[in-house]
Amino acid sequence: MNVSNPLSQQRSLHSILEHLGQPGSRNLIPTPALLCDLELLVANIERMAGVTSSGGVGLRPHVKSHKSAFIARLQLERGAVGLCFAKLGEAETVVGALVAEGIDATISALLTSPVVGARSAERVVALGELCDLLVVVDDPRGVDELSNACEGAGRRLSVLCDVDVGLARTGVVDAAHALTVTERIERSPWLDFVGVQGYGGHLQHIAGREERREATKDSTRRLELVVAALTNVGLEVPIRTGGGTGTAGIDIELGLLTELQAGSYVFMDREYRDALGLNDEGSFAQSLTIATTVISANQKDFVTVDAGLKAMANDAGSPLVVGHETTSQYHFFGDEHGLVTMPASTNFRRGDRLELVPPHCDPTVDRYDHLWMVQGDVLVDVVEVTARGCSQ
Ligand SMILES: Cc1ncc(COP(=O)(O)O)c(C=O)c1O
Numbered sequence: 006m007n008v009s010n011p012l013s014q015q016r017s018l019h020s021i022l023e024h025l026g027q028p029g030s031r032n033l034i035p036t037p038a039l040l041c042d043l044e045l046l047v048a049n050i051e052r053m054a055g056v057t058s059s060g061g062v063g064l065r066p067h068v069k070s071h072k073s074a075f076i077a078r079l080q081l082e083r084g085a086v087g088l089c090f091a092k093l094g095e096a097e098t099v100v101g102a103l104v105a106e107g108i109d110a111t112i113s114a115l116l117t118s119p120v121v122g123a124r125s126a127e128r129v130v131a132l133g134e135l136c137d138l139l140v141v142v143d144d145p146r147g148v149d150e151l152s153n154a155c156e157g158a159g160r161r162l163s164v165l166c167d168v169d170v171g172l173a174r175t176g177v178v179d180a181a182h183a184l185t186v187t188e189r190i191e192r193s194p195w196l197d198f199v200g201v202q203g204y205g206g207h208l209q210h211i212a213g214r215e216e217r218r219e220a221t222k223d224s225t226r227r228l229e230l231v232v233a234a235l236t237n238v239g240l241e242v243p244i245r246t247g248g249g250t251g252t253a254g255i256d257i258e259l260g261l262l263t264e265l266q267a268g269s270y271v272f273m274d275r276e277y278r279d280a281l282g283l284n285d286e287g288s289f290a291q292s293l294t295i296a297t298t299v300i301s302a303n304q305k306d307f308v309t310v311d312a313g314l315k316a317m318a319n320d321a322g323s324p325l326v327v328g329h330e331t332t333s334q335y336h337f338f339g340d341e342h343g344l345v346t347m348p349a350s351t352n353f354r355r356g357d358r359l360e361l362v363p364p365h366c367d368p369t370v371d372r373y374d375h376l377w378m379v380q381g382d383v384l385v386d387v388v389e390v391t392a393r394g395c396s397q
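In this note's numbering, the protein residues as written are 6 to 397.
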């Protein structure tokens, strides 16, 4: 449990935990709260593990979506070859928690964002003592910083060249640029070049499989050109990592990637469902909801609930109201509140509990200390969002 919680909150949590496993206990969870349907979550984890293993690629799920050691463990136990992390702090916290719990095998952890500066490079090398660590670079200065930190600690490190496949967020911009970075890696006695990363974040939510496939072909071509240039100079490129929930099936068809970094499939938020629909990549279950309570019902056409901007990210629009998807609409109503429209046939009352499908899972999860695991109307577990706020 998070020790920074006020004592009263901890007491309230303990009193609810006494009802764990009891019918109706879902309704005791204080709102707003992040709920996860455990059966749907496990089904999603197993489904993506099946899709990737039958497609002949590894699954290295991205922890940024859930930030939870509990879920990372479920993914590893069900066949993931390793884990991805967006931030050093996220990796330190979740890997640290898994190791402290005594996980059996050594974790293979990939840091998918480049790090900058000597202090961060030292933290990378220290993290490498806890796991098999892989880290991406996209700049010769980043290579030097990592090499110096390795020399200081007397430890080797595996590095990948991050390739911009069209997102233009990080990564070398073309094959010549990749060669500059990999030459620098090859010059370091402390670094081992193990592959490339090409993550097409701009592709994942393209609606329509054909449109998404065409765009993914272009991005894959960019990565292919880099791989060819590296192979030409005699480098082996055993790891080719990338992809997400939206392109998983397409990436498998195109055949360049050796492992997929999908993250959101564990929860399947509203934005993803809108883009992917219900076939192929889209048919993961929506396992994540936000429980909220009607705190005022004095208006004719709408009620006010206790979940607003602080309860979920709004970059991807509004949440859906579970069970009332076509008849009620949620509107953000400030920091702490939301407005839920109510047609004449619906009569939401003060104290009613509603559930919302979050528009965008990753930044929503980071607003909560706990994930309340439910099955039907039963609260079955409470797990920490282990790396909540660990964004440095
Ligand atoms: C580098 C990287 N890989 C993988 C993912 C996971 O993608 P998704 O959540 O769309 O499955 C992300 C998400 O932003 C990412 O930044």
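All C-beta atoms, glycine included, are put in the ideal place defined by N, C-alpha and C.
CA nearest to the CA of residue i, picked from the options
i    : options                   : result
S288 : R393, M53 and D340        : M53
S152 : V177, A253 and A123       : A123
L259 : T221, K315, A267 and G239 : T221
P278 : D256, A321 and I257       : Residue 278 is actually Arg in this sequence, not Pro. Taking only the C-alpha atoms, the option nearest R278 is A321.
I257 : I76, D179, A296 and T57   : T57
L51  : G26, E82 and C41          : A small correction: the amino acid at residue 51 is Glu; Leu does not occupy that position in the sequence shown. Residue E82 is the option with its Cα nearest to E51.
A234 : A316, I255, A290 and V168 : V168
N32  : R217, T297, A131 and H342 : T297
G251 : D367, I21 and H210        : H210
Q266 : I255, G313, T309 and Y204 : Y204
L228 : L261, T369, Y335 and C155 : L261
G254 : G55, Q334 and D311        : G55
Cα-Cα separation, residue i to residue j
i    : j    : result
A183 : R214 : 30 Å
E2   : N284 : Examination of residue 2 is not possible in this model, given that the chain is present from 6 through 397 alone.
N319 : L39  : 15 Å
D374 : L293 : 15 Å
S163 : C395 : 23 Å
L45  : M273 : 10 Å
L269 : I190 : Reading the sequence as shown, one finds Ser at residue 269 and not Leu. Going by the C-alpha atoms only, they are around 32 Å apart.
N7   : E389 : Confidence in N7 is poor, its pLDDT being 45 and thus under 50, which makes the residue's placement too unreliable to answer from.
E241 : L165 : 12 Å
S9   : Q15  : With a pLDDT of 49 at S9, under the threshold of 50, the modelled position of that residue is not reliable, and no figure is offered here.
Q202 : E134 : 23 Å
V405 : N303 : For residue 405 there is no data in the structure shown, the boundaries of the chain being 6 and 397.
V120 : L208 : 24 Å
E106 : V99  : 11 Å
V362 : A158 : 46 Å
V141 : I295 : 34 Å
T117 : K92  : 8 Å
W377 : C89  : 23 Å
G171 : A316 : 32 Å
Q27  : V47  : 21 Å
H329 : G61  : 40 Å
D143 : P364 : 31 Å
V129 : T391 : 19 Å
S20  : P35  : 11 Å
Q80  : F307 : 41 Å
I112 : R65  : 11 Å
Residue burial classification, residue i (beta-carbon count within 10 angstroms, cutoff 16)
i    : result
E276 : buried
A74  : buried
K305 : exposed
A212 : exposed
R354 : exposed
S224 : buried
R161 : exposed
A400 : Residue 400 is absent from the structure shown; the chain starts at 6 and stops at 397.
G339 : exposed
Q397 : exposed
D42  : buried
R78  : buried
D197 : exposed
D179 : exposed
N49  : buried
H342 : buried
H71  : buried
R217 : buried
G381 : exposed
Residue interval of the beta strand (DSSP E) (run including residue i)
i    : result
F337 : Y335 to F337
G239 : Taken as a continuous stretch (DSSP letters only), G239 belongs to no beta strand (DSSP E), as it is neither H nor E.
F307 : F307 to V310
E389 : V383 to E389
G398 : As shown, the chain starts at 6 and ends at 397. That puts residue 398 outside it, with no answer to give.
A114 : S113 to L116
M163 : Checking the displayed sequence, the identity of residue 163 turns out to be Ser instead of Met. Segment L162 to D167, the beta strand (DSSP E) holding S163.
First and last residue of the uninterrupted alpha helix (DSSP H) at residue i
i    : result
H182 : A180 to R192
M273 : It is not in any alpha helix (DSSP H) - M273 carries neither H nor E in the DSSP assignment.
T294 : Careful: T294 lies outside any alpha helix (DSSP H), inside the beta strand (DSSP E) at L293 to S301.
V100 : L93 to E106
D41  : One detail in the question is off: residue 41 reads as Cys in this sequence, not Asp. Not the alpha helix (DSSP H): C41 falls in the beta strand (DSSP E), residues A38 to D42.
T369 : C366 to V370
V379 : Where V379 is concerned, there is no enclosing alpha helix (DSSP H), although the beta strand (DSSP E) it sits in stretches over H375 to Q380.
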